[in-house]
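Undergrad:
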Ligand code: HEM
Ligand code: SF4
């Protein structure tokens, strides 16, 4: 066993090392084009470098990893350049805090990689059987409920595992998420990841010690699985060695013959948590992780913070009242735990983000001396550290970019994967449905309804997180007469909170077209049927039989 030093870790990410990586990628493209290697030989290599095939032959999807979802203004501009020069003038924010570009030509991937490398970004290990983007709560560092800011740990783990020679050919993909607290349903959702880390502080001899609750083997896909608890409290200095040990156990025990049974959750199923814990403890003894806690400071945390009194409300200054601003502030602005600062949520329909908005947002940030933004798992953006006296200026700036839509974190803030618009496996088009729903469901004022989340996937794989939505949909098709008609499976009652993860239950298949009307009917049913004003939608769904819901919705679900 030889322990890796921090300088060895940094050497893996030097610009020279990255250039060699890009040159090698371009050589492989030439080998493919000259027939020296087959598309099948090229595929795993291409995936390891974040380049996915897409539905349209000849085009690639390029996935840019945004570690912990953190983006600086200069990086936003580079993403805008890639969108304009090599893609379709837009990017797509994903539920794993990546930014994806579609319709990229293979011969342009190297050039895009160079632009990204110069900006400190990469597509490396964004796809394929690798450690995928390490995600974190989008409000880490500012959230009133967090134990501590997990961002530096997420960035440290990401840096250590990226380009690690032992972990880019795993049995299957591997996803890690960091949460600041257990009530993380709207944040990092640790419990649906291969490794979920939840910040905890424990006292020992009167000194508080930072650490993490460690969850393992969670996942969605065709077999949604709640993670098991590996450790209730792992001290922070044990973080890297333990994650490394988990990866080594996975490397040795994961199923390399059947891709469908290869995720870590199947190792947990086969071995049970006790045996898995024993194996991890064994591997921990031979860990090569650096002895230091690798915490990378968040690049968007302001160095100078001036505490100011918190205003009682964000209503527009009288005498001119501005109901539109008030509505936006009511939904899209949250108080930080640091007095005098707020975080602004930017609602994006299913994560679609245009190049002019990327550049414009970079300008708004810099003009207001703000350090950056974060991508949220629900595909919104969060602008942290906005001094209260700048909120109105930010709002005005966002408005000119069409980025000041009210309704962030409400029922009209719909999550959706790209689906059949570009994805090979997609059956339906969640982007279209999400766009329609985000407009149609804007008018609800009932607080219980506003709290609901709608999430849509184009197939059962759950990239759009339909399993953990109050109202979830995944795409399928039905034969109607001689035609194939787009349908969705409706799922209800998913929830993630401090009590854990509850997956939504499948109710019925519904045609795509009347879904807005079906949702309105469902909400009317809930409002009529609720047993008390405070009964939540999820409690209502839990006590109502599938048949009752189906009977209510059936007239709308019949294709005419
Ligand atoms: C390029 C098209 C894509 C393909 C072929 C694909 C494939 C898959 C597959 C097969 C699964 C099931 C994993 C399993 O059960 O082992 C899955 C899950 C998932 N994917 Fe994708 N995906 C694609 C794009 C995306 C996008 C765009 C996002 C983000 C919006 C995403 C995020 C996720 C998430 C969050 C899950 C569920 C969590 C889990 O891994 O268990 N994927 N994907
Ligand atoms: S859920 Fe299905 S359609 Fe959507 S991105 Fe994932 S694999 Fe593609």
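In our numbering, the protein residues as written are 2 to 561. By construction, the Cβ of each residue, glycine as well, lies at the ideal position given by its N, Cα and C atoms. Here the structure is a predicted model, which means the values were calculated and not measured.
Out of 516, 492, 288, 268, which has the shortest C-alpha to C-alpha gap to residue 172?
TA: Checked all of 516, 492, 288, 268; the closest Cα to residue 172 is 268.
Undergrad: Just to confirm, is the Cβ distance from residue 509 to residue 551 under 7 Å?
TA: yes
Undergrad: Could you check whether the Cβ of residue 379 sits closer than 6 Å to any heavy atom belonging to ligand 2?
TA: Set against 6 Å, the gap from the CB of residue 379 to the closest heavy atom of ligand 2 is not smaller.
Undergrad: Opposite residue 477 in the DSSP bridges: which residues?
TA: 488
Undergrad: Quick one: Cα of residue 373 to Cα of residue 45, how far?
TA: Rounded to whole angstroms, residue 373 to residue 45 spans 34 Å at the Cα level.
Undergrad: Indicate whether residue 76 and residue 113 have their beta-carbon atoms separated by less than 7 Å.
TA: no
Undergrad: Would you check if the distance between the CB atom of residue 51 and the CB atom of residue 152 is smaller than 7 Å?
TA: no
Undergrad: Compute the Euclidean distance between the alpha carbons of residue 83 and residue 255, then round it to the nearest angstrom.
TA: 36 Å
Undergrad: Is residue 53 near ligand 1, going by C-beta to nearest heavy atom under 6 Å?
TA: yes
Undergrad: What are the start and end residues of the alpha helix (DSSP H) that includes residue 35?
TA: Residue 35 -> no alpha helix (DSSP H), and no H or E assigned at all.
Undergrad: Quick one: measure Cβ to Cβ for residue 424 and residue 55, integer angstroms, because I've assumed they're closer than 8 Å.
TA: 7 Å
Undergrad: For residue 122, report the span of its beta strand (DSSP E) as first-last.
TA: First-last for residue 122: undefined, no H or E at that position.
Undergrad: DSSP on residue 228, reduced to helix/strand/coil?
TA: coil
Undergrad: From residue 549 to residue 445, what distance separates their C-alpha atoms?
TA: Separation of residue 549 and residue 445 (C-alpha to C-alpha, rounded to the nearest whole angstrom) is 24 Å.
Undergrad: Have a look at 155, 468, 528 and flag the residue whose alpha-carbon is nearest the alpha-carbon of residue 294.
TA: 155
Undergrad: Give the DSSP bridge partners of residue 501, in chain order.
TA: In DSSP, residue 501 forms a bridge with 498.
Undergrad: Quick check on DSSP: helix, strand or coil for residue 96?
TA: coil
Undergrad: With distances taken Cα to Cα, identify the nearest neighbour of residue 129 among 377, 297, 43.
TA: Cα-wise, what sits closest to residue 129 is 43.
Undergrad: Determine the closest residue to residue 538 out of 477, 487, 412, with distance taken between C-alpha atoms.
TA: 412
Undergrad: Report yes or no: do the region 58-66 and the region 88-99 share at least 3 C-beta pairs separated by less than 8 Å?
TA: Short answer: they touch.
Undergrad: Can you tell me whether residue 264 sits near ligand 1, meaning its C-beta is under 6 Å from at least one heavy atom of the ligand?
TA: Yes, the beta carbon of residue 264 sits closer than 6 Å to at least one heavy atom of ligand 1.
Undergrad: Does the beta-carbon distance from residue 610 to residue 427 come in below 7 Å?
TA: No statement about residue 610 is possible, as the shown extent of the chain runs from 2 to 561 and does not include it.
Undergrad: Whose CA, out of 408, 362, 273, lies closest to the CA of residue 331?
TA: 408
Undergrad: Does DSSP classify residue 401 as helix, strand or coil?
TA: Helix at residue 401.
Undergrad: Quick one: is residue 166 buried, meaning 16 or more other Cβ sit within 10 Å of its Cβ, or exposed?
TA: exposed
Undergrad: Taking 6 Å as the cut-off, is the C-beta of residue 419 nearer than that to any heavy atom in ligand 1?
TA: yes
Undergrad: Do the region 433-445 and the region 388-403 meet, that is, are 3 or more Cβ pairs less than 8 Å apart?
TA: no
Undergrad: For a minimum of 4 consecutive residues, which ranges assigned as the alpha helix (DSSP H) are wholly contained in the region 199-261?
TA: 240-254
Undergrad: Could you give the DSSP three-state label for residue 189: helix, strand or coil?
TA: coil
Undergrad: Output the boundary residues of the beta strand (DSSP E) element that contains residue 180.
TA: It spans 177-180 - the beta strand (DSSP E) in which residue 180 sits, taken as one unbroken run.
Undergrad: Measuring only from the beta carbon, is residue 458 closer than 6 Å to any heavy atom that is part of ligand 2?
TA: True, at least one ligand heavy atom lies under 6 Å from that Cβ.
Undergrad: Based on Cα-Cα distance, which residue from 79, 377, 383, 329 lies nearest to residue 337?
TA: 383
Undergrad: So the beta strand (DSSP E) residue 512 belongs to, where does it begin and stop?
TA: In the DSSP assignment, residue 512 falls within the unbroken beta strand (DSSP E) covering 506-512.
Undergrad: Rounded to a whole number of angstroms, what is the C-alpha to C-alpha distance between residue 389 and residue 97?
TA: Rounded to the nearest whole angstrom, the CA to CA distance from residue 389 to residue 97 is 30 Å.
Undergrad: Cβ of residue 138 within 6 Å of any heavy atom in ligand 1?
TA: For ligand 1, not one heavy atom lies less than 6 Å from the Cβ of residue 138.
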